[in-house]
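All remarks here apply to the structure that follows.
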Amino acid sequence: MRDESSASPARKGLQLQPSLKGRALRLLSQREHSRAELERKLAPHEEVPGELAKALDELQARDFINDGRAIESVVHRRASKLGAGRIKQELAAKGLSGEAVAEAMAGLRETELSRAQEVWRKKFGQPPEDAAQKAKQMRFLLTRGFGAEVVRRVIQGSDDDL
């Protein structure tokens, strides 16, 4: 006969809580996260002060956390749909800033017009027929984070295509 006290906690129906490092690795396995993002998400699970910083330091030392990769990931996922303004806002919300973000923004601004034209083409495909449609198309591109000058050129360019 087996002694129930020697059974593992999982067998007794108890759920073991993953460590902070385990939680961080699970989040990182889904997509790249910045250190600031992981700190914000994992702070409620920290039981001992300093435990979270230590776990994140270890992961960063092993290059599991890399803010440069997090920037590249956001830019890669979002550039086909959003303008540089909106992407910069998302990067800031993830706690990313500095020189790497500035470089990524410079690269995005070079392709801003062509990306805006592609987004416009997928959504509308034809020039606005009246002022109301023109305003709607402009608002759409502006809310996607494209600059006002780029939006103006895309909408005027669609008129020139006729």
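Here the sequence shown stands for residues 1 to 162, numbered as in full-length UniProt numbering. Note that CB positions come from ideal geometry on N, CA and C, so glycine has one too.
G22 - containing alpha helix (DSSP H), residue span: 20-30
Measuring alpha carbon to alpha carbon, tell me which of K21, L141, G95 ends up nearest G83. L141
If distances are taken between C-alpha atoms only, which option among P128, D67, T143, F124 comes closest to L31? It is worth fixing the name first, because residue 31 is Arg in this sequence and not Leu. Looking at the Cα atoms, D67 is the closest of the given residues.
Just reading off the alpha helix (DSSP H) that S114 is part of, what are its end residues? 112-123
Can you tell me whether Q137 is buried or exposed? The criterion is at least 16 other CB atoms within 10 Å of its CB, across all chains shown. buried
Close-in-space but distant-in-sequence residues of the same chain around A148 (CB under 8 Å, 5 per side omitted): L142
Taking a contact to mean a Cβ-Cβ separation below 8 Å, would you say E112 touches V150 in this structure? yes
Rounded to a whole number of angstroms, what is the C-alpha to C-alpha distance between K123 and L16? 48 Å
For G50, three-class secondary structure by DSSP: coil
Quick one: is A43 buried, meaning 16 or more other Cβ sit within 10 Å of its Cβ, or exposed? exposed
Thinking just about the alpha-carbon of each residue, which of S97, F146, A131 is nearest to the one in E118? F146
Using a 10 Å radius around the Cβ and a threshold of 16 neighbouring Cβ atoms, would you call S19 buried or exposed? exposed
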